[in-house]
Structures are given as structure tokens and as C-alpha cells.
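Numbering (my numbering), first residue to last: 278 to 337.
Glycine included, C-beta positions come from ideal geometry on N, C-alpha and C.
Here the structure is a predicted model, which means the values were calculated and not measured.
Below is one structure, written out as C-alpha cells, with a few remarks after it.
Okay, structure coming up:
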């Protein structure tokens, strides 16, 4: 990758079953090839799906 020129990108939507979402997103993050867009920016952190699980992991 050239530092002065960005790589070609495309916008995709992934639909991942809840049961495998954590593993799939972790794997995609390890690849370092994805940039995630927050589609719930208009919601407060406590209105988001899985807010309780995220809060629980943040506390521990």
C-alpha cells in the first residue's frame, strides 16, 4: 500500500447470525482489512443491542 494513495474500497453489509457474530467480527478484526461504520450513532450506548454484555465486559 502506498502511503500517499488510498486502497480501493467498497461498502459491504454483512449479515451474521447472532450465534457466530463475536467469532466472525474478531476474525475480521484480526485480518485488519475492515473498517466498521457505526450504524447506531443516533442511539445512546444503553439503547444499543448487547449494551449489557459490553458494559459487563468493560467492568470486569
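Roughly how far, in whole angstroms, is the beta-carbon of residue i from the beta-carbon of residue j, given that I think they are within contact range, below 8 Å?
i           : j           : result
residue 301 : residue 293 : 5 Å
Output the boundary residues of the alpha helix (DSSP H) element that contains residue i.
i           : result
residue 303 : 295-308
Below 7 Å CB to CB, which residues in the same chain sit around residue i once its five sequence neighbours on both sides are set aside?
i           : result
residue 325 : 317
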